[in-house]
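Here the structure is laid out as structure tokens; the discussion comes afterwards.
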Amino acid sequence: MNLPQRIAQWWVHGQTWPGASWTRRLLVVVALALLPFLLEAVAGRAWVRIADIALIYAMLAVGLNLVVGFAGLLDLGYVAFFAVGAYAYGLLASPQFGIHASFLLLLPLGAIAAACFGVLLGAPTLKLRGDYLAIVTLGFGEIIRIFLNNLNQPVNITNGPQGVTLIDPLLLGSFSFGKPHSMLGVTVAPVHAYFYLLVCMVALSMLVARRLQNSRIGRAWAAIREDETAARAMGIDTRNLKLLAFALGATFGGVAGGLFAAVQGFVSPESFTLQESVMILCMVVLGGMGHVAGVVLGAIVLTALPEALRVVGPLQKAAFGHVWIDPADLRMMLFGLALIVMMRWRPAGMWPAPGWARRTPSAVGSKPQVAARGRDDAP
Amino acid sequence: MDIFIQQLVNGVVLGSIYALVALGYTMVYGILGLINFAHGDLVMVGALSALALLKVCLAVGLGLPASLALATLGAVLLCGGLGVLIERVAYRPLRSAPKLAPLITAIGVSILIEYGAAMIWSKQYLALPPVIQSTTWQLAGAAITDLQVAIVVMASVLMAGLLWLIRATPLGVAMRATEQNAEVAGLMGIDTHRVIAITFLIGSGLAALAGIMVLLYYGVAHYFMGFMLGLKAFTAAVLGGIGSVPGAMLGGLLLGLIESLGAGYVGELTGGVFGSNYRDVFAFIVLILVLVLRPAGLLGTASGERA
Amino acid sequence: MTLLEARGIAKRFGGVNALDGVSLAIGKGQIYGLIGPNGAGKTTFFNCLTGLYRHDAGRFWLDGVELDTRSPDRVVKSGIARTFQNIRLFAGLSVLENVMVGRHARSGVGALGAVLDTRAFRAEETAVRARALELLGYVGLQARRDEPARNLPYGDQRRLEIARALATDPRLLALDEPAAGMNATETAVLRTLLERIRADGVTLLLIEHDVKLVMGLCDRVAVLDFGQLVIEGEPDTVRRDPAVIAAYLGATVGDAP
């Protein structure tokens, strides 16, 4: 089979890339080890930083995919859990309260805090129709930002809009991720060290997600996504399993938040807007709902997008002598458009989950009727 | 006591606007089972387009009443058309798709409209020219403007009109039939696509009018103003019982009151720990409480009237 | 020996009494038919029994133990499985995955076990897969195990739904119009399958409109009309009952040219 055929197989039929083997895995590891240095040599250190951020988003996308892709629940405020994790780390490892706890303690703490918020939010909502979750999470995403913005008085907790600064870098034993290190004659800068750590974290997230997907739990989520009533009738406690998906998704967000705080060195409410939630959703939808590797790819592509769009400003200036569309706004418009277009023409995403093609309905067409609302179903 | 009455008045005005927007959510939800996230953004488009038209009309020397009427007409037509277009292009092809697809599409449409508006009208807060002179009356220690009265009266008339339309006209019967069972309604010769399009048209037109009321009341408009307003209006619809038209009206009014009184008294009640900058939180708390305590809403029952 | 006993089951929708104090008893190993005109309350009875609806009054006992119908998953764990009138498969999942989902209530490794890939998890996965394959063989669908459920022809979908229900190890299998929409050949195959399931020790409760199938297959038949039990007994007795002829069969006979 030649390359175009392979690509056709993969793209059209949604099959796995043929020929997975240990040599290929080894190649991937070597490539990832060299990547930050290559990136720095070719495009500059700023791009290594962008790669770090892309990896954090990849973790977020994998986490949101548990909720949206696996269980079929729409979470429009996912960034709130990211914020909980980031502030948990930022507040307890910075001069804000003068506490400098270890990240080995803080990452699990952030994860648990995020999961608790997830349960608090999901418990009243998830026993109801699935789409209430969308609006409740949408609201929650905004509410958490209002609190972060305003909890600087009467007691200063979050430091308000200024955010928390001088957050400790990660410290593993005596190895600080905040300082450059010399190893085997190579200087490893903080951005490089974080890159390796984050690659490991993303790989771990993917492993966890994949194992969940191919388990009794993952099958139950898929059943709920396909037909909730039938899932209930098959003995699945749908409410608890939906809550589990939601809480696990939140956990991923919390961990990613802690790492984000450490990598950035500061957090402020501005990093946790609705736009961020929409972007993470876009990563999942574009990458391929339910496909772990696909959403990681989606995260990487969409994190790089704003950098690519940066040329749009000067380009407009050159062409019209005036910047009509701010690149950041253009990015959001493209996200909105992408969500609409993908749902209409390619709901499985750019890189569909293996075996998805066989799952497409044989006849996609709109029947002249309204979506079934399950009037015969249980209340 | 004066503050109480003042907040009551403000709450009723705010509530009337919420109710108008909530109607759009509840009508679409009733008929399609879809949360139309873009609905709040149509309010924004209504406000910003009316503002732009008003400025043009005034600039060419038309009088205030004529300018206002033209701006209103233009904004309602624009939003109505936009609503129908959204339904036709984005939602209709997804009627038989899995439930997640139209929801994701709806959030996509919402984002697209917001940033489209940012491109057209910039991200600034745009102020209404100081052309509206409102008279203030004193009533039981509270200040009431004629603008406030006009908003409440207008909203009431519109809502009464909608109720009449749904209950007493052939179109209303077709709408209720489609809501009950679209397939059967289709078999009975009702063009359900058309009924759904009309539902979007009416809901979007009401959204435009609500947008104009917000513009006149607060004097500013902004590309992101539809987001929080939409969220609150949806909360109002859930509070009243989603799918129920009278419920949306009641829910809107109640939410307006809760928010006004809450924002007015939260400082006192919490000893100054929380201030009125938390006013947006009230709607959210109401939403969660309703979902926990009475998910069907105040007027929503299995056999309750819906439209 | 009675397997399922229902006593005074009532369910009201608004002002309509969908079920008005229905009592019946199903013996172990029986094939029990529930018939009646459209809207008589048959599916409502199923939904109450399987916990999809909460009934307003009455109680169920399964093998002498009161049945907890507060949620469908508890009912399944107690040993009752069902199929749906309008087939409800997990359309996007493969045939095999559909049946594997049915094993959910009979397996127990949680998220942590799956993530850590424990020995118990692997053993359970192997067992679940083996049992699912066995059941696919039982209903004759093993060859199509990797196809998505939605690609199956109608009759196969019905049988897959039965296999999925059997995967929950039910003592009572409740089938809502299993022969609906089937041609004579498919019905005959179904009939053989149902008799085999009974022979393997599962009690069957079925709603069915195909009178010939019900009368030929069932040991006992109950007739519902307007939410009330009209008569209950052996097929021959029921067939001759004037009230049944009036309520149900009579209409069929009367309609015949």
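Chains as they are written, first to last, in the numbering used here: chain H, 1216 to 1594; chain V, 5 to 311; chain A, 3 to 259. Note that the Cβ used here is the ideal one computed from N, Cα and C, for glycine as well. The structure presented is a predicted model; accordingly, all values stated were derived computationally and were not measured.
For V/I194, the CB contacts under 8 Å within the same chain, skipping 5 residues up- and downstream, are A178, A181 and T182 in chain order. Here the alpha carbon of V/F8 sits roughly 26 Å from the alpha carbon of V/L235.
Contact annotation: the segment 57–71 of chain A does not touch the segment 149–169 of chain A, with fewer than three C-beta pairs closer than 8 Å. In this model, A/V97 and A/V216 are separated by some 28 Å (Cα to Cα).
Proximity of V/M179 to chain H, defined by a Cβ-Cβ separation below 8 Å, is not satisfied. Apart from sequence neighbours up to five positions away, the residues of its chain that approach V/L243 with a beta-carbon distance below 7 Å are G255, L258, L259, V290, V294, G301 and L302, ordered along the chain. With contact defined as three or more Cβ pairs closer than 8 Å, the segment 176–185 of chain A and the segment 197–214 of chain A are in contact. Per DSSP, reduced to three states, the secondary structure at H/H1315 is strand. Straight-line measurement puts the Cα of H/L1291 at about 37 Å from the Cα of H/R1239. Here DSSP, grouped into helix, strand and coil, assigns H/G1528 to helix. A/T205: member of the beta strand (DSSP E) spanning T205 to I209, first to last residue. With respect to the C-alpha of H/R1426, the residue from H/H1506, H/V1556 and H/G1502 having the closest C-alpha is H/H1506.
The shortest C-alpha to C-alpha distance from V/G245 to any of V/N281, V/A26 and V/I21 is the one to V/A26. The Cβ atoms of V/M253 and V/A54 lie no closer than 8 Å to each other. At a cut-off of 8 Å, the C-beta of H/N1374 has no neighbouring C-beta in chain V.
Per the coordinates, the alpha-carbon of A/V225 lies some 16 Å from the alpha-carbon of A/L177. Runs of the beta strand (DSSP E) spanning 3 or more residues and lying entirely within the segment 1321–1402 of chain H occur at 1396–1398, in chain order. Residue-level contact by beta carbon holds for H/V1493 and chain V, with a gap shorter than 8 Å. Here the C-alpha atom of H/A1534 lies approximately 19 Å from the C-alpha atom of H/D1544. Note on geometry: alpha-carbon atoms of A/A12 and A/L21 lie some 5 Å from one another.
What H/A1435 touches in chain A, judged by beta-carbon distance under 9 Å, is V103 and H106, going in chain order. Between the segment 83–101 of chain A and the segment 1438–1457 of chain H there are three or more inter-stretch CB-CB distances shorter than 8 Å, so the stretches are counted as touching. Beyond the five residues adjoining it in sequence on each side, V/V199 comes within less than 6 Å, by CB distance, of A178, M179 and T182 in the same chain, given in chain order.
When rounded, the separation of the alpha-carbon atoms in A/S25 and A/A167 is 25 Å. Taking CB atoms only, V/N40 has no neighbour in chain H less than 8 Å away.
For V/T109, a Cβ of chain H is located within less than 8 Å of the residue's own Cβ. DSSP assignment within the segment 50–115 of chain A yields the following whole alpha helix (DSSP H) runs of 4 residues or more, N-terminal first: 74–80 and 97–104. Linking V/G251 to V/A237 through their CA atoms gives a straight-line distance of about 12 Å. The beta carbon of A/V101 lies closer than 7 Å to those of A134, L137, L138, A165, R166 and A169 in the same chain, with the five residues before and after it left out.
Scanning chain V for C-beta atoms nearer than 8 Å to the C-beta of H/V1500 yields I108, reported in chain order. Closest option to V/L46, judged by alpha-carbon separation, among V/K103, V/H226, V/I262 and V/S248: V/H226. Within the segment 1465–1551 of chain H, the complete alpha helix (DSSP H) segments of 4 residues or longer fall at 1489–1502, 1507–1524 and 1527–1535, listed in chain order. DSSP places A/I233 in the uninterrupted beta strand (DSSP E) bounded by Q230 to G235. A straight-line Cα-Cα distance of about 34 Å links V/D6 and V/T76.
Proximity to V/G112 across H/R1525, H/V1500 and H/G1450 peaks at H/V1500, based on C-alpha coordinates. In the structure shown, A/D148 falls within a coil segment according to DSSP collapsed to helix, strand and coil.
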